[in-house]
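Visitor: Just so you know, we're using our numbering here: the sequence shown kicks off at 1374 and counts up by one. Where a beta carbon is used, it is the ideal one built from N, C-alpha and C, also for glycine. Fair warning: this is a prediction, and the values are worked out from it, not measured in the lab. This is the structure I want to talk about, given as structure tokens.
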Amino acid sequence: MDNEKHRIGEFLNVTGMGRGSFFSSADAVRPAVCDKAGRKNVFARRLGLLFLLCLLGGQVAACTPFAAPDRPGDPIPMPGSYSLLEAMSEPPQQWWRSFNDPVLDALVEDALRDNSDLETFRARLEKARALARRAGSERFPAVDGEAAAAHSRVRSERGSGSDTVTGEDYSLGVFAGYEVDLWGRVKASIQGADRAAAASREDLHAAAVTVAAEAARRWIGIIARQREILLLRQQLETNRIYLELVELRFQKSLASALDVMQQRQLVERVQALIPLAELQVQLFRGELAVLTGRLPHELPVFEARELPVIDNQPEAGLPADLLENRPDIRAGLHRLEEADQNLVVARADRLPALRLTGAAAFGSSELERLFDNWLANLAAGLTAPLFDGGGLAAAEDFAAADVREQLALYRRTVLTAVREVEDSLAREAKIREHIRWTERQLQAANSALAEARFRYVNGLNDYLPVLTQLLSVQNLEIDLIARREDLLAARIDLYRAVGGSWPEELLSLATDERP
1374 MDNEKHRIGE
1384 FLNVTGMGRG
1394 SFFSSADAVR
1404 PAVCDKAGRK
1414 NVFARRLGLL
1424 FLLCLLGGQV
1434 AACTPFAAPD
1444 RPGDPIPMPG
1454 SYSLLEAMSE
1464 PPQQWWRSFN
1474 DPVLDALVED
1484 ALRDNSDLET
1494 FRARLEKARA
1504 LARRAGSERF
1514 PAVDGEAAAA
1524 HSRVRSERGS
1534 GSDTVTGEDY
1544 SLGVFAGYEV
1554 DLWGRVKASI
1564 QGADRAAAAS
1574 REDLHAAAVT
1584 VAAEAARRWI
1594 GIIARQREIL
1604 LLRQQLETNR
1614 IYLELVELRF
1624 QKSLASALDV
1634 MQQRQLVERV
1644 QALIPLAELQ
1654 VQLFRGELAV
1664 LTGRLPHELP
1674 VFEARELPVI
1684 DNQPEAGLPA
1694 DLLENRPDIR
1704 AGLHRLEEAD
1714 QNLVVARADR
1724 LPALRLTGAA
1734 AFGSSELERL
1744 FDNWLANLAA
1754 GLTAPLFDGG
1764 GLAAAEDFAA
1774 ADVREQLALY
1784 RRTVLTAVRE
1794 VEDSLAREAK
1804 IREHIRWTER
1814 QLQAANSALA
1824 EARFRYVNGL
1834 NDYLPVLTQL
1844 LSVQNLEIDL
1854 IARREDLLAA
1864 RIDLYRAVGG
1874 SWPEELLSLA
1884 TDERP
């Protein structure tokens, strides 16, 4: 379009309509009176131009644009069900509500609204959508307007004196340019930008899923550590009672000093574990504060409560459902489609390009007669790369390699998704089995402790069996809390792995633009 402006300006200068600008004040052209022969010549030229444009349009219609290949929705064969679970329904929406705790519900919603990482992904989505809008503008002509006003003053020296000539120039022009999409380059560029924006939105959705899962895991960690602190304090009180009993028996020469020292060591051991559990609570609170976009002291004080009880059977859906439910898989497919469109663009760049340009210009040395003199121009230009040192070929090779890379990444994402679901199912099943056997072991340990205590009090054995069984019971109690925490974490990982749809109001909170 800039070249078109330059050519029009030169033409106006040559024909006397401009001098230094589009039009000259000294040589303004007046409307010409065309005779019949002139009108016939104008008509003939216009008819010839129309014929050429029609011929060119026919050639354009005969061009076959490039097209991206159709991609199958399933890049690898998917099993009918998971190894440890038959096919079931889609996982629940807002899965964290299955824990039945309003505090967790509020924390997750705060994280989805105020998390800094999600704000970063929102900004990336905004940029991707802006690029898509910019790419979409190529389907329309580009129109520029230009207006100019100039004042000139020329002084010439003569033998008897000097003369000064002043003048004014006014010009107004409109310039338009449009690229005819011969090979589908413009269409592919637009579709590629749209796919990039769609992938960015799925990235934001995937980040929201991760943030919700991480917030839930930190909340579970806080509850588990609080339960552990309560249990340790109960164990500490129990150990002190045993210590008083052993000391009393020692005073009566019924127990040895070794029994007293061993029991006192057990008291100190439990006492030392409490600060570590309290530290973990503080660390989890700090991490949860970051996830929810707050400072640690801004979090509410969580009261100690029981760990949630979850159902025995998780809902994992079909493996094939992952292709629709997992946002990272959807993002990978969009990026593969974007790479396909970029390859189309790279191929089309190596072929001739047709660009239509048009211009209309007005000029005069008097503002009130600006529209008396005019010039219109319509042109079609065909440009083709002749030699670029192999740059365009290299760009096509790069785009083709990117397609292969995105296809490999997509397949890896699908395989990883299936593995994550399988791992979560296996982890939950085995942890649940471990908890069942640990509970039975704790029952046996409590029975053994009662028997050892009875025999010790009645002088049938020394204190070592009591000490051993007491330590075993307390370790099993702590282990049960940790394993129940692991069970809940495995369920959270399962919900994150299977994906699933979210309700619109939650998606607007997590993924749409902020007001």
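Would DSSP call residue 1519 helix, strand or coil?
Guide: Position 146 of the sequence shown, counted from the start, is the residue given in the question as residue 1519. Residue state, collapsed to three classes: strand.
Visitor: I'd like the span of the alpha helix (DSSP H) that includes residue 1737, first residue to last.
Guide: Stepping through the sequence shown from its first residue, residue 1737 is reached at position 364. From DSSP, residue 1737 is part of no alpha helix (DSSP H) but of the beta strand (DSSP E) over 1726-1737.
Visitor: Note the first and the last residue of the continuous alpha helix (DSSP H) segment covering residue 1814.
Guide: Counting from 1 along the sequence shown, the entry for residue 1814 is found at position 441. From DSSP, the alpha helix (DSSP H) with residue 1814 extends over 1764-1830.
Visitor: Which class does residue 1836 belong to by DSSP, given the choice of helix, strand or coil?
Guide: Position 463 of the sequence shown, counted from the start, is the residue given in the question as residue 1836. Coil, per DSSP.
Visitor: Could you give the C-beta distance for residue 1633 and residue 1608, rounded to a whole number, given that I count them as a contact under 8 Å?
Guide: As a first step, residue 1633 is located in the sequence shown; it is residue number 260 there, counting from the start. As a first step, residue 1608 is located in the sequence shown; it is residue number 235 there, counting from the start. Wrong, their Cβ atoms sit about 18 Å apart, outside the cutoff.
Visitor: Out of 1864, 1767 and 1781, which one is the CA nearest neighbour of residue 1804?
Guide: What you label residue 1804 is simply residue 431 of the sequence shown in a count that begins at 1. Minimum Cα distance to residue 1804 is reached at 1864.
Visitor: Pairing CB atoms from the stretch 1507-1517 with CB atoms from the stretch 1554-1565, are three or more of them under 8 Å?
Guide: Yes: the two stretches touch, three or more of their Cβ pairs being nearer than 8 Å.
Visitor: Measure the alpha-carbon distance for residue 1570 versus residue 1855 and round it to whole angstroms.
Guide: What you label residue 1570 is simply residue 197 of the sequence shown in a count that begins at 1. What you label residue 1855 is simply residue 482 of the sequence shown in a count that begins at 1. Distance between the alpha carbons of residue 1570 and residue 1855: 42 Å.
Visitor: Measure the alpha-carbon distance for residue 1552 versus residue 1751 and round it to whole angstroms.
Guide: Within the sequence shown, residue 1552 is the residue found at index 179, counting from 1. Within the sequence shown, residue 1751 is the residue found at index 378, counting from 1. Each residue's Cα considered, the two are about 14 Å apart.
Visitor: Take the Cβ of residue 1557 as the centre, count every other Cβ of all protein chains shown within 10 Å, and call the residue buried at 16 or more, exposed below.
Guide: As a working mapping, residue 1557 is identified with position 184 in the sequence shown. Looking at its Cβ environment, which holds 16 or more other Cβ atoms inside 10 Å, residue 1557 is buried.
Visitor: Which same chain residues end up closer than 6 Å to residue 1497 when comparing Cβ atoms and leaving out the 5 residues on each side of it in sequence?
Guide: What you label residue 1497 is simply residue 124 of the sequence shown in a count that begins at 1. Around residue 1497: 1573.
Visitor: Check this for me: beta carbons of residue 1720 and residue 1769, under 8 Å apart or not?
Guide: The residue given as residue 1720 occupies position 347 in the sequence shown. The residue given as residue 1769 occupies position 396 in the sequence shown. Result yes, Cβ atoms of residue 1720 and residue 1769 sit closer than 8 Å.
Visitor: Under the DSSP definition of a beta bridge, which residues are partnered with residue 1551?
Guide: Locating residue 1551 in the sequence shown gives position 178, counting from the first residue. DSSP lists 1729 as partners of residue 1551.
Visitor: What's the C-alpha gap between residue 1485 and residue 1547?
Guide: Taking the first residue of the sequence shown as position 1, residue 1485 is located at position 112. Taking the first residue of the sequence shown as position 1, residue 1547 is located at position 174. Answer to the nearest angstrom: the Cα atoms are 49 Å apart.
Visitor: Quick check on DSSP: helix, strand or coil for residue 1699?
Guide: The residue given as residue 1699 occupies position 326 in the sequence shown. Residue 1699: coil per DSSP, three-state reduction.
Visitor: Is the separation between the beta-carbon of residue 1758 and that of residue 1765 shorter than 8 Å?
Guide: Sequence index remark: in the sequence shown, residue 1758 carries index 385 (1-based). Sequence index remark: in the sequence shown, residue 1765 carries index 392 (1-based). Contact flag set, yes.
Visitor: With contact counted as at least three CB pairs below 8 Å, one residue from each stretch, are the stretch 1775-1786 and the stretch 1796-1810 in contact?
Guide: Counting Cβ pairs under 8 Å, fewer than three are found: no touch.
Visitor: Pick helix, strand or coil for residue 1676, following the three-state DSSP scheme.
Guide: Translated into the one-based positions of the sequence shown, residue 1676 becomes position 303. The answer is coil: DSSP assigns residue 1676 none of H, G, I, E or B.
Visitor: Considering residue 1500, what are the terminal residues of the alpha helix (DSSP H) in which it resides?
Guide: As a working mapping, residue 1500 is identified with position 127 in the sequence shown. Its alpha helix (DSSP H) spans residues 1489-1509.
Visitor: Counting along the chain, where does the alpha helix (DSSP H) carrying residue 1582 start and finish?
Guide: On the sequence shown, residue 1582 is found 209 positions in, with the first residue counted as 1. Where residue 1582 is concerned, the enclosing alpha helix (DSSP H) stretches over 1558-1624.
Visitor: I need the DSSP call for residue 1358, collapsed to helix, strand or coil.
Guide: Since the first and last residues shown for the chain are 1374 and 1888, residue 1358 lies out of range.
Visitor: For residue 1536, is the classification buried or exposed, using 16 other Cβ atoms within 10 angstroms of its Cβ as the cut-off for buried?
Guide: The count along the sequence shown starts at 1 and reaches residue 1536 at position 163. Exposed, by the Cβ-count rule.
Visitor: Where residue 1620 and residue 1818 are concerned, what is the direct C-alpha to C-alpha distance, given to the nearest angstrom?
Guide: Position 247 of the sequence shown holds residue 1620. Position 445 of the sequence shown holds residue 1818. If you take the alpha carbons of residue 1620 and residue 1818, they lie about 24 Å apart.
Visitor: Does the stretch 1586-1603 come within contact of the stretch 1651-1667, defined as at least 3 CB pairs closer than 8 Å?
Guide: Cβ pair count under 8 Å is three or more, so yes.
Visitor: I'd like to know if the stretch 1516-1529 and the stretch 1697-1714 are in contact, where contact means that at least 3 CB-CB pairs between them fall below 8 Å.
Guide: The stretch 1516-1529 vs the stretch 1697-1714: no contact.
Visitor: Rounded to the nearest angstrom, how far is the Cβ of residue 1853 from that of residue 1812, given a contact under 8 Å?
Guide: Walking along the sequence shown from the start, residue 1853 turns up at place 480. Walking along the sequence shown from the start, residue 1812 turns up at place 439. The Cβ separation is near 7 Å, so the contact holds.
Visitor: Can you find at least 3 beta carbon pairs, one from the stretch 1480-1494 and one from the stretch 1665-1682, that sit closer than 8 Å?
Guide: They touch, by the three-pair rule.
Visitor: Using a Cβ-Cβ cutoff of less than 7 Å, which residues in the same chain neighbour residue 1584 once the five nearest sequence positions on both sides are dropped?
Guide: The count along the sequence shown starts at 1 and reaches residue 1584 at position 211. Excluding sequence neighbours, residue 1584 sits near 1484, 1485, 1488, 1490, 1491 and 1664.
Visitor: How would you label residue 1602, buried or exposed, when you count the other beta carbons within 10 angstroms and need 16 or more for buried?
Guide: Here residue 1602 is taken as the residue at index 229 of the sequence shown, counted from 1. With 16 or more Cβ atoms within 10 Å of its Cβ, residue 1602 is classed as buried.
Visitor: Please confirm whether residue 1484 has its beta-carbon closer than 8 Å to some beta-carbon of chain B.
Guide: Protein chain content of the structure displayed is limited to a single chain, and chain B is not contained in it.
Visitor: Quick check on DSSP: helix, strand or coil for residue 1755?
Guide: Residue 1755 sits at position 382 when you count from the first residue of the sequence shown. Looking at residue 1755 - three-state DSSP - the assignment turns out to be strand.
Visitor: What separation, rounded to the nearest whole angstrom, lies between the Cα atoms of residue 1656 and residue 1649?
Guide: For the purposes of this step, residue 1656 is identified with residue 283 of the sequence shown, where counting begins at 1. For the purposes of this step, residue 1649 is identified with residue 276 of the sequence shown, where counting begins at 1. If you take the alpha carbons of residue 1656 and residue 1649, they lie about 11 Å apart.
Visitor: According to DSSP, what are the bridge partners of residue 1640?
Guide: Counting from one through the sequence shown, the residue named residue 1640 turns up at place 267. Beta-bridge pairing links residue 1640 to no other residue.
Visitor: Taking the alpha-carbon positions, what's the residue 1714 to residue 1482 distance?
Guide: To locate residue 1714, count along the sequence shown from 1; it is residue 341. To locate residue 1482, count along the sequence shown from 1; it is residue 109. Looking at the two C-alpha atoms, the distance is approximately 37 Å.
Visitor: Kindly identify the DSSP beta-bridge partner or partners of residue 1750.
Guide: On the sequence shown, position 377 is the one that residue 1750 refers to. The partner list for residue 1750 (beta bridge, DSSP) reads 1732.
Visitor: Taking the Cβ atom as the reference point for each residue, do residue 1494 and residue 1605 lie within a distance shorter than 8 Å?
Guide: Within the sequence shown, residue 1494 is the residue found at index 121, counting from 1. Within the sequence shown, residue 1605 is the residue found at index 232, counting from 1. No; because the gap between Cβ atoms is not below 8 Å, this pair is not in contact.
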